[in-house]
Structures are given as structure tokens and as C-alpha cells.
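Have a look at the structure below, then the notes.
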Amino acid sequence: MNLFMCAFLYSIQLFEPYPLGSILRFNRGSYDHYAIYAGLGSVIHYSGEADMKTQYDAKVRRESLSAVAAGSPVTVANIHDEETQPFGRCDIVRRAQSRIGEYKYSILSNNCEHFVNWCRYGKHFSSQVNDKLRSATRYVLRTDL
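In the UniProt record's numbering, the protein residues as written are 1 to 145.
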């Protein structure tokens, strides 16, 4: 994102539904999906096509907010801002744009939540995956095999 575009997006921020560079969480029922708000009604996220055959077909792409939300609840999820200083808004969007087209998805190590946390904080992690792995470990340790 060039300086002019960043200044333009800042100037129209009052009309934007979410702050530029925010992490958006889309509730999908059994899991949450994450994206970076890139301005002008668009988001950048890791996603696959409806007809994708494997997780490896998923890639980083820019899409309209309404298409990604698809009627599901959307919330701002900048939940790590207190413990980790985020990059500036335009830098967050620039980082997201730098990975558009990337095909390196892994549900455990490089999913949509890893992507948005890297864009915003420079740290590659997924609380959702960590929580599921902790739960599975507790279950296995309690189960008499």
C-alpha cells in the first residue's frame, strides 16, 4: 500500500465499518475464521475456494467483507494489543498484501489466525489451535488406553 492510498484510507476512516488493519473474527459455529480489514469493504485472509480438494489449495487472498462474512457475526478481535504492540495500520495492511497469493496453508501451523497475528503483531501463533491441542492432550492423559 503506497503512502497516498494509506492517507486516503485514513481520511475516509469515519465511513469505514472497522478500523484499518484490524483483525476481524467471523464466527463459523465450531471454529472462528480470521481476516485483516484492508479498507474499502475488503479483507485479506487465508481461504480456499468452495470446490478446493485439500487444505493445500487454500491461499492468501483479498475479498469483499460481505462475501467472507456470508451472514456470520463479525467482531474486531485485536485481543493481543495490550500485551503486544501492533504495527501501524498501513503497515499491517502492507504486510497482509505482501502475502497475497501465498499457498502455504496448514491448519496446525499456518492458518488464518497465524496469518492475521503475523500481520498485526509480527508473531506467528494461533490461540485457537493451541487451545484445541491442550484440550486433546488433557483428554488423552485422562483416557485409560
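Built from N, CA and C at the ideal position, the CB exists for glycine as well.
- Secondary structure at His114: helix, using DSSP grouped into helix, strand and coil.
- Scanning the UniProt domain "LRAT" (23-128) from its first residue to its last, the whole beta strand (DSSP E) runs of 3-plus residues come out as 23-27, 32-39, 42-47, 59-64, 74-76.
- Contact holds between the stretch 76-86 and the stretch 22-30, because three or more Cβ pairs, one in each stretch, are under 8 Å apart.
- For the options Gln97, Pro86, Trp118, Ser30, the alpha carbon positioned closest to that of Gly39 is the one of Gln97.
- At the C-beta level, Ser42 and Ser64 come within 7 Å of one another.
- By the criterion of a C-beta distance shorter than 7 Å, Asn27 is surrounded in its chain by Ser72, Pro73, once the five residues flanking it on both sides are discounted.
- Per the C-alpha coordinates, the member of Tyr121, Glu16, Phe15 positioned closest to Glu82 is Tyr121.
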